[in-house]
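Okay, structure first, notes after.
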Amino acid sequence: MAKPSRSTLQPDRYFSSDPQQKQIARELYASTEHLPLVCPHGHVDPRTFADPDFNLGTPTDLFLIPDHYIFRMLYSQGISLERLGIPTVDGAVVETDHRAIWQIFADNFHLFRGTPTGTWLTQELHSVFGVDEKLTSETSQSIYDHIADQLTKPEFRPRRLFERFNIEVLATTDAASDRLHDHRSIRESGWKGRVVPTFRPDGVVNIDRPDWREQIERLSEVCGFEINSTSRLISALEQRRAYFKEMGATATDHAALTPYTAELSETEADRILHSALEGTAGEDDARRFTGYLLMENARMSIEDGLVMQLHVGSYRNHNRAIYERFGADKGADIPIPHEFTRNLAPLLNKYGNDARLTLILFTLDESTYARELAPLAGHYPAVKLGPPWWFNDSINGMRRYRDLVMETAGIYNTAGFNDDTRAFPSIPARHDLARRVDADWIAGLVLRGIVDRTDADEMALDLAYRLAKKAYKL
Amino acid sequence: MAKPSRSTLQPDRYFSSDPQQKQIARELYASTEHLPLVCPHGHVDPRTFADPDFNLGTPTDLFLIPDHYIFRMLYSQGISLERLGIPTVDGAVVETDHRAIWQIFADNFHLFRGTPTGTWLTQELHSVFGVDEKLTSETSQSIYDHIADQLTKPEFRPRRLFERFNIEVLATTDAASDRLHDHRSIRESGWKGRVVPTFRPDGVVNIDRPDWREQIERLSEVCGFEINSTSRLISALEQRRAYFKEMGATATDHAALTPYTAELSETEADRILHSALEGTAGEDDARRFTGYLLMENARMSIEDGLVMQLHVGSYRNHNRAIYERFGADKGADIPIPHEFTRNLAPLLNKYGNDARLTLILFTLDESTYARELAPLAGHYPAVKLGPPWWFNDSINGMRRYRDLVMETAGIYNTAGFNDDTRAFPSIPARHDLARRVDADWIAGLVLRGIVDRTDADEMALDLAYRLAKKAYKL
Amino acid sequence: MAKPSRSTLQPDRYFSSDPQQKQIARELYASTEHLPLVCPHGHVDPRTFADPDFNLGTPTDLFLIPDHYIFRMLYSQGISLERLGIPTVDGAVVETDHRAIWQIFADNFHLFRGTPTGTWLTQELHSVFGVDEKLTSETSQSIYDHIADQLTKPEFRPRRLFERFNIEVLATTDAASDRLHDHRSIRESGWKGRVVPTFRPDGVVNIDRPDWREQIERLSEVCGFEINSTSRLISALEQRRAYFKEMGATATDHAALTPYTAELSETEADRILHSALEGTAGEDDARRFTGYLLMENARMSIEDGLVMQLHVGSYRNHNRAIYERFGADKGADIPIPHEFTRNLAPLLNKYGNDARLTLILFTLDESTYARELAPLAGHYPAVKLGPPWWFNDSINGMRRYRDLVMETAGIYNTAGFNDDTRAFPSIPARHDLARRVDADWIAGLVLRGIVDRTDADEMALDLAYRLAKKAYKL
């Protein structure tokens, strides 16, 4: 069979096959393709930019080992994480031959057919690294060589890539106790790239996390006082938020199993905190404490202006054996159903009418899109909807989101795109895919007479660039 | 940029862009476009037709103030309801300059891009009022003038519009205690327009409503006896149903938070009623009492032949501050998930095999379409499915409904279209949109060889006209 | 109107109308159209093949009486099951004039417009029986005559049809206590058709079934020992699994109302078993006992290699009156919502990392596709997803499944197609429809640049043939 050529990356990829729609999509995409990338939420390590000479490692270091989207799929077909070089918690030996791991990856690249991971990788290999061949068992080693060679070059240092990618701003995600040394280094280095932190207090808020006490101690240490009451915890959070804001943060981020919110009396909150410190708090305590601190954080957001993100519905570390051997974020987080209408009522009744609050909601339960989220965003001044998250950050996922959300919420109650990735070199591919899918969606509206072309032009710019910038105050 | 012209209302709007499908859709639509409008469920005030000279007010009175679909979207972007002239419960002063309100509306008309409200409005302005320009900040006042001018003309009196719209029958929605004076006036006026009431007893059935006691007193008054037992409440309902039927009603309508149904002993039902009268009934009492009276109303429907509609899943008045200041129906009703299979089992086991009952189900939880509703409608002789409701009464919502319901239930277990609107002049636009979307859906079936053209022609007439008329016995 | 001709069965049916996509779909379909049929899960009675001269009866016997997909739709429109000749439990007289029943069916064939049942029937009449006319009130009797005539011919004996259909293997579904006499007859007959049993122990596992004690007694009898403890029940299951495996089975099948799994101590399990034997077990006992035996069966599958199927979410016999008069499987099974992430955690934590287990999951709750099932299958080595089941085994249902599952799970964590039918002559139509829909889906991926043509060719073969064969070890 003939060697697949560059043509595997079609210039009109992800557009409708209808010639008229494709033509409009092409034109709309042309207006957004080269806009700067606004990256208001993600998980790139700020160390990557703190050191001007940061080296991205081997192709396997770069593509596979940090990316649970990829290795979970290999694992699902019976390939052990040890063979893929995933480090263990206890430092037990795993595969260290990165060429061998890359070969396994290439041998199984067919598993990614039709997946967003597959499309991002193909584009990333092509556009970032200049790989024109398809990744197969046969081409595996020559592609490895090619990428390894590229990675030695100065223009593949992260700061240079950041500039080449045309990133206007990149937000990282950082623990409440983080001293933000890397962010400070970036700011003090004189480099013009804008990398800002995001305040994520989950570690000290969710008392059911195995490392909660450790996180509380760290927070205590960085704040300089003991955290033995809810009021002190709240003071600590306020202090850290102020510091994060000073360091450029415009947003906070909160993960919760469900969107439960409720007020607690100080007595009750203290009782739960003390139980947690004594290790006797139960599941319901954890839920109530998180729900209470979500409300407190909403209040703080009104006061300090930080945009509040809420990511809901991931049941973390579903596979205990994997968690115990390899730790968190190993592809074993599985969504659960959840409900927003009743759960968010306490928070929204208290703060939802206050336009100083921006609460951006993310879900893993698409059944809530049309039923709960779009009506909430289409009513409360404080509520905006984040883009399709995680498993739903995909071509079909984006189309479902548009289909289910837009008619009730309109696009102006949404927060644009974010890439939410820890895989830095995949950022351009992710934005490009989103811009293409959005251009095609808008083209469909034009063609069916739902919006006119004038509106379409504006919408394309809004979805690709303006909405994210505005929602996150960037 | 050139002034948008009439062409913003594309003649082939909402059809697929595929030329073959568009051609078939066009032909099917041509067969339904001019059929009379059957409006079996809606919220137009019968007063509108009782007075032959009824004046629809200013453009703002007509389009914005009564329509929570519109002002909730403006509110979601931080525009206060006071600025939009929405009347307060306590009569506190709100904006009275209708031109100023209209200007805000026009300044923010971009919020409706891609929404059904936007498409209905555009068509309504064009087809009912002859507005050819796009509503923008610039055109706002001239369009206001134009509409205001039209509204002074005799042909814009509601009865004349009713005739021009080619409405065959329009059902209103009326409280159990309503004496139907307006309906009587209409009947006695000699005007030929068919406007019929619908019996909606929610006010006296749902004991958790804030105004329940007031409603019970009104019912008591109109019936001429005290309602101090369940049997008397049931007698009152039966008496009112008979009166509504005499006044032309063919249907009842019931709203419930969930589709819970269950029998109660008379003792237990009386206990709950007495608690409610004493103001001590709890949430569970309310749920059980509603569930019990749903069953009683099903029994009555078998006896008197009134079609029973059940609308499920709206959590009313989610935003307490808005409710307290502006009252109900202000865009703050948010859906909740619900379940039909177990909840309706008591009612369906008792009455679902009786073909004398027509129970038309509406949901705000689309996850029930394929999972529960289509299988129930595809089995029980009594069950029919209502069209996509409220937030889902939209182009995408209709397509999802067809996609999720039709293969299991077929179209003959559905109840056709209804516009469910309080915005009288939007009725033709809503029916037109539905007829176009249906024509396009059927055209897709033809083109993919799923139904032949002969069947398609029948289906188009069924969906646009016959099914609603038959299901509602009109 | 002219008589509909053969053209009602379009050669390009179910493909997209886009000419480019249609062309690719056609080519992909050409590569799968004539592949043998792998039928790893279904409900054809093995008696059909045990007797070489088995007669399929009248057209009504063949098409209508055994097929609840068909008669439930007629029933939903008020046609009694008695009039349709459905046998009663107590043998009360029902309609016996098969021509009259067929006439009712034809008179109401419009009910099936746009349904999978309608499309399968049309193709079956055409391709299996050579019927070129559309089924209508007018053509009803001549079509009946034609089919009845065909059914007298030797080439319409089931074994001959099996060969003509090009079935490579057909799995039946058989109770745990079944002695598999028919399967033995088939094997000993020298006929080359491969018909294998599937071990389905629901009857003895789900203690809330009305006939559970009867089933336990049958199992006891066939095993030769009394089943008065959980360990004996487990021994019995193990013994029967071994026998089924010997008789060619490669899989087991389990139906559960929810996917609840949990371990039980032997004491607790025995307590529940004894309660069940005494008739005092409650609903929660049933749930826990089923959940425990699902885990035990997973363990057995690891040991004996039988593939484990789990079908979840059907609330059986929702309509009690129908159940009491006509028995089970009468079109009154209605799905309920369910949850996999938490419910399967015990089973998956114990066995999900073991690649010797293949656990194929089926659901009637599509909201779990993207949210729970695809992430689970995309992580756990043991988990595969079965094709869209029952109500969702349809053109739209298949597209939703692909849309919701593939991006996260990829196609290689799915188990291909199965027809799941008790209607033997509908098998080719069902596979043909699936192959067409899949070809069209893949063609769409090619055209939008998501997969290349080389990958597409492989995927078409995988979905049509290889995946089912591999997942079921056939």
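Chains as they are written, first to last, in our numbering: chain A, 1 to 474; chain B, 1001 to 1474; chain C, 2001 to 2474.
For glycine and all other residues, C-beta sits at the position ideal for the given N, C-alpha and C.
Treat the numbers as computed from the prediction; the structure is a model and nothing was measured.
Y2380/C is positioned such that its CB atom lies no closer than 8 Å to that of Y2401/C. Runs of the alpha helix (DSSP H) spanning 4 or more residues and lying entirely within the region 87-143 of chain A occur at 98-107 and 116-127, in chain order. The region 1244-1294 of chain B is shown to contain whole beta strand (DSSP E) runs of 3 or more residues at 1251-1256, in chain order. Under DSSP, K2469/C takes part in no beta bridge, so it has no partner.
Scanning the region 340-414 of chain A from its first residue to its last, the whole beta strand (DSSP E) runs of 3-plus residues come out as 359-363 and 383-385. About 4 Å separates the Cβ atoms of A2176/C and P2201/C, confirming a contact at the 8 Å cut-off. As DSSP reads the structure, S314/A sits in a beta bridge with P335/A. Annotation: N1317/B has no Cβ neighbours in chain A at a cutoff of 7 Å; minimum Cβ distance is about 11 Å. Within the region 2328-2352 of chain C, G2331, A2332, I2334, P2335, I2336 and P2337 place their CB atoms closer than 7 Å to a CB of chain B, listed in sequence order. Residues of the region 2434-2456 of chain C with a Cβ closer than 8 Å to any Cβ of chain A, in chain order: G2444, L2445, L2447, R2448, G2449, I2450, V2451, D2452, T2454 and D2455. By the Cβ test, the region 444-454 of chain A is not in contact with the region 176-186 of chain A, since fewer than three Cβ pairs between them sit closer than 8 Å. The Cβ atoms of T421/A and G42/A lie closer than 8 Å to each other. Buried is the label assigned to V1205/B, since at least 16 other Cβ atoms lie within 10 Å of its Cβ.
Cβ proximity to chain B below 8 Å picks out T2008, L2009, Q2010, D2012, R2013, Y2014, F2015, S2016, S2017 and D2018 from the region 2008-2041 of chain C. The three-state reading of DSSP puts D462/A in helix, counting H, G and I together. As a beta-bridge residue in DSSP terms, Q1309/B pairs with D1253/B and I1360/B.
In chain order, R113, G114, T115 and N396 make up the part of chain A whose C-beta sits under 9 Å from the C-beta of M2406/C. When rounded, the separation of the alpha-carbon atoms in R1209/B and N228/A is 44 Å. Contact between T363/A and V307/A does not hold, since the beta-carbon distance rounds to 17 Å and is not under 8 Å.
A check of alpha carbon separations from D2145/C across F2162/C, E2155/C, L2125/C and L2433/C identifies L2125/C as the nearest.
With respect to the C-alpha of G1248/B, the residue from T1230/B, E1303/B and D1174/B having the closest C-alpha is D1174/B. By the Cβ-count criterion, F2162/C is buried, with 16 or more other Cβ atoms from all chains shown falling within 10 Å of its own Cβ. The beta carbon of T258/A sits no closer than 8 Å to any beta carbon of chain C.
Distances from the alpha-carbon of H110/A to those of H2110/C, A2471/C and G2410/C put G2410/C closest. Ranking E138/A, D132/A, E188/A and T414/A by CA distance to the CA of A106/A puts E138/A first. Contact fails between the region 2027-2039 of chain C and the region 2075-2084 of chain C, because fewer than three Cβ pairs, one in each stretch, are under 8 Å apart. Each of A1171/B, R1083/B, A1298/B and A1100/B was checked against the Cα of R1047/B, and the nearest Cα belongs to A1171/B. Across the set N353/A, L277/A and E246/A, the C-alpha of N353/A shows the shortest separation from the C-alpha of A298/A.
Proximity of chain B to Y2075/C at the Cβ level (cut-off 8 Å) is accounted for by H1379 and P1381, in chain order.
Each of R2325/C, R2113/C and L2361/C was checked against the Cα of P2387/C, and the nearest Cα belongs to L2361/C.
In the displayed model, L2074/C falls within a helix according to three-state DSSP. Burial check for T1122/B: the Cβ neighbour count within 10 Å reaches 16 or more, so the residue is buried. The beta-carbon of N2413/C is placed less than 8 Å from the nearest beta-carbon of chain A.
In this structure, the alpha-carbon of I104/A lies about 36 Å from that of I2395/C. D1304/B carries a helical assignment under DSSP once its states are collapsed to helix, strand and coil. Contacts between F1391/B and chain A, judged by CB atoms closer than 9 Å, involve A370, R371, A374, P375, G378, E407 and T408 in chain order.
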